[in-house]
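Read the structure below first, then the notes.
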Amino acid sequence: MSITRPLLDTPFIRRSNHLRTFITASWLGWQIESNWADPFLFAVYSIVRPVTSVLILVVMYSVITNGALQEPIFAYIYLGNALYILVGQVITGVSWSVIDDREHYRTLRQLYTTPMDGYSYLMGRGVARLIIGLISVLITIGFGMVAFQLPISIGTIDWLMLVISTVLGVLSLAAIGMVVGSLTLMLARHFWSLGDAISGALYLFTGAIFPLDVLPAWLRPIGFAFPVTYWLELARRAILGPNAAKFPTLSGFSDLELTGILAAITLALLVFSWFFYRWALHRAKENGIFDMETSY
Numbered sequence: 001m002s003i004t005r006p007l008l009d010t011p012f013i014r015r016s017n018h019l020r021t022f023i024t025a026s027w028l029g030w031q032i033e034s035n036w037a038d039p040f041l042f043a044v045y046s047i048v049r050p051v052t053s054v055l056i057l058v059v060m061y062s063v064i065t066n067g068a069l070q071e072p073i074f075a076y077i078y079l080g081n082a083l084y085i086l087v088g089q090v091i092t093g094v095s096w097s098v099i100d101d102r103e104h105y106r107t108l109r110q111l112y113t114t115p116m117d118g119y120s121y122l123m124g125r126g127v128a129r130l131i132i133g134l135i136s137v138l139i140t141i142g143f144g145m146v147a148f149q150l151p152i153s154i155g156t157i158d159w160l161m162l163v164i165s166t167v168l169g170v171l172s173l174a175a176i177g178m179v180v181g182s183l184t185l186m187l188a189r190h191f192w193s194l195g196d197a198i199s200g201a202l203y204l205f206t207g208a209i210f211p212l213d214v215l216p217a218w219l220r221p222i223g224f225a226f227p228v229t230y231w232l233e234l235a236r237r238a239i240l241g242p243n244a245a246k247f248p249t250l251s252g253f254s255d256l257e258l259t260g261i262l263a264a265i266t267l268a269l270l271v272f273s274w275f276f277y278r279w280a281l282h283r284a285k286e287n288g289i290f291d292m293e294t295s296y
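Anchor point for the sequence shown: position 84 equals 84 in this note's numbering, and the numbering is continuous, going up by one each time.
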């Protein structure tokens, strides 16, 4: 806590309960996520896990295409899979904190009797998973550049578009995680895999490893409804530039149009998640299941 104390003592943050709660929850989340091993073992795990995961995908792709690793579609698939790490980490990072506090630490009731802002607290708890996810993404992309000669050049990356799209994408994922966490507040059972189930479903419908064109026409609108679809497309364009594979479903949209759509969906999700969280918290308390454990 000594690291965050100077930040918490600044006048601007001291006046904001939301910011103080968010920063404290971020620090708490990092302590929880990183304290299960010594720093060396944690670093090894952070490197080995994403590399071994992506190698499974590369082997499957190589078997199907007879090793066509130089085709644009390979970079499309590889980069989409690498970026998608953030989806699972952010959504489950926010939503799992409810399960952690209620089932593992059994402190949910005590937390919500303090004068903290619950929405900011859950958002802050997801920051640790976000940091771990970002590290995994960088390791995975770097490994692809070295081992598979991905057509990525640091000098040609559109950093502005990449940063803007990623910030919007992460905010939209955090909003989805808040909705999942709010649902978890109202469920006393059968909630363990809720975050993983939703992130797994998005893997199919958002063009993470294959374009929306391969989906049946009646399923494609589902992909257009999710912000992840637009974030992945913008990130691919920013990183790969002219080497990015283009498919009919999104090739007709300019970068500015995709950014506008992503920003609009993100704003709508953030507003909805705030109202939904307030409603879910009220319902959970009214029904007496707010801090009810699985073994009740």
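For each residue, glycine too, the CB sits at the ideal point set by N, CA and C.
Sequence-distant residues of its chain with Cβ nearer than 8 Å to residue i (five each side left out)
i, result
"Met-123", "Phe-22, Ala-25, Val-94, Ala-174, Met-178"
"Asp-196", "Gly-88, Thr-92"
"Ile-157", "Ala-238, Ile-239, Gly-241"
"Thr-10", "none"
"Leu-7", "Ile-13, Ile-23"
Own chain, CB closer than 7 Å to residue i, minus 5 neighbours either side, in chain order
i, result
"Ser-199", "Val-87, Gly-88, Ile-91, Thr-92"
"Asn-243", "Pro-72, Ala-75, Pro-151"
"Leu-202", "Val-87, Phe-226, Val-228"
Own chain residues within Cβ distance below 6 Å of residue i, not counting five before or after
i, result
"Gly-117", "Residue 117 is actually Asp in this sequence, not Gly. So the qualifying residues of the chain are Asn-17, His-18, Thr-21."
"Ala-82", "Val-137, Thr-140, Ile-141"
"Gly-80", "Ala-208, Ile-209, Leu-232"
"Arg-125", "Ala-25, Gly-29, Ser-97"
"Ile-131", "none"
"Arg-129", "Gln-89, Gly-93"
"Pro-216", "none"
"Phe-205", "Ile-222, Gly-223"
"Leu-69", "Phe-148"
"Thr-107", "Asp-101"
Among the options, nearest to residue i - alpha-carbon criterion
i, options, result
"Ala-144", "Ala-217, Arg-102, Val-228, Ile-56", "Here residue 144 is Gly; the residue named in the question, Ala, does not match the sequence. Of Ala-217, Arg-102, Val-228, Ile-56, the residue nearest in Cα terms is Ile-56."
"Pro-227", "Arg-15, Ser-172, Ala-284, Pro-39", "Ser-172"
"Ile-187", "Gly-288, Met-60, Pro-115", "A small correction: the amino acid at residue 187 is Leu; Ile does not occupy that position in the sequence shown. Nearest C-alpha to Leu-187: Gly-288."
"Arg-236", "Gly-223, Ile-222, Ser-251, Gln-31", "Ser-251"
"Asp-100", "Ala-128, Leu-134, Ile-32, Ala-43", "Ile-32"
"Leu-297", "Tyr-230, Ile-47, Leu-7", "Residue coverage of the chain in this structure runs from 1 to 296, which leaves residue 297 outside it and unanswerable."
"Leu-240", "Leu-162, Phe-42, Asn-35", "Leu-162"
"Ala-245", "Phe-148, Ser-165, Ile-77", "Ile-77"
"Leu-234", "Val-167, Arg-278, Tyr-61", "Val-167"
"Ser-120", "Glu-286, Ala-263, Ser-273, Ala-284", "Ser-273"
"Thr-259", "Glu-293, Ala-43, Ser-165", "Ser-165"
"Pro-50", "Pro-39, Tyr-84, Ser-34, Pro-115", "Tyr-84"
"Leu-267", "Thr-184, Val-170, Arg-278, His-282", "Val-170"
"Ile-261", "Pro-115, Glu-286, Tyr-230", "Tyr-230"
Where residue i falls, given that 16 or more other Cβ within 10 Å makes a residue buried
i, result
"Val-54", "buried"
"Trp-159", "exposed"
"Gly-155", "exposed"
"Ile-64", "exposed"
"Ser-254", "exposed"
"Pro-211", "buried"
"Arg-15", "exposed"
"Asp-213", "exposed"
"Leu-41", "exposed"
"Ala-43", "exposed"
"Asp-291", "buried"
"Trp-27", "buried"
"Tyr-61", "buried"
"Gly-181", "buried"
"Leu-269", "buried"
For residue i, the first and last residue of its enclosing alpha helix (DSSP H)
i, result
"Val-271", "255–286"
"Asp-196", "194–205"
"Ile-13", "11–14"
"Met-178", "159–185"
"Ala-245", "That residue, Ala-245, is in no alpha helix (DSSP H); it is neither H nor E in DSSP."
"Phe-210", "Per DSSP, Phe-210 belongs to no alpha helix (DSSP H) and is neither H nor E."
"Thr-114", "Here Thr-114 belongs to no alpha helix (DSSP H), and DSSP marks it neither H nor E."
"Thr-140", "127–147"
"Arg-220", "220–224"
"Ile-239", "227–240"
7 Å Cβ cutoff, residue i in contact with chain D
i, result
"Arg-106", "Among the protein chains of the structure shown there is no chain D, as only one such chain exists."
Inset, instruction - Entirely within the stretch 25–90 and at least 4 residues each: give me those alpha helix (DSSP H) ranges in chain order. - result: The stretch 25–90 contains, as complete alpha helix (DSSP H) runs of 4+ residues, the segments 39–65, 72–83 (chain order).
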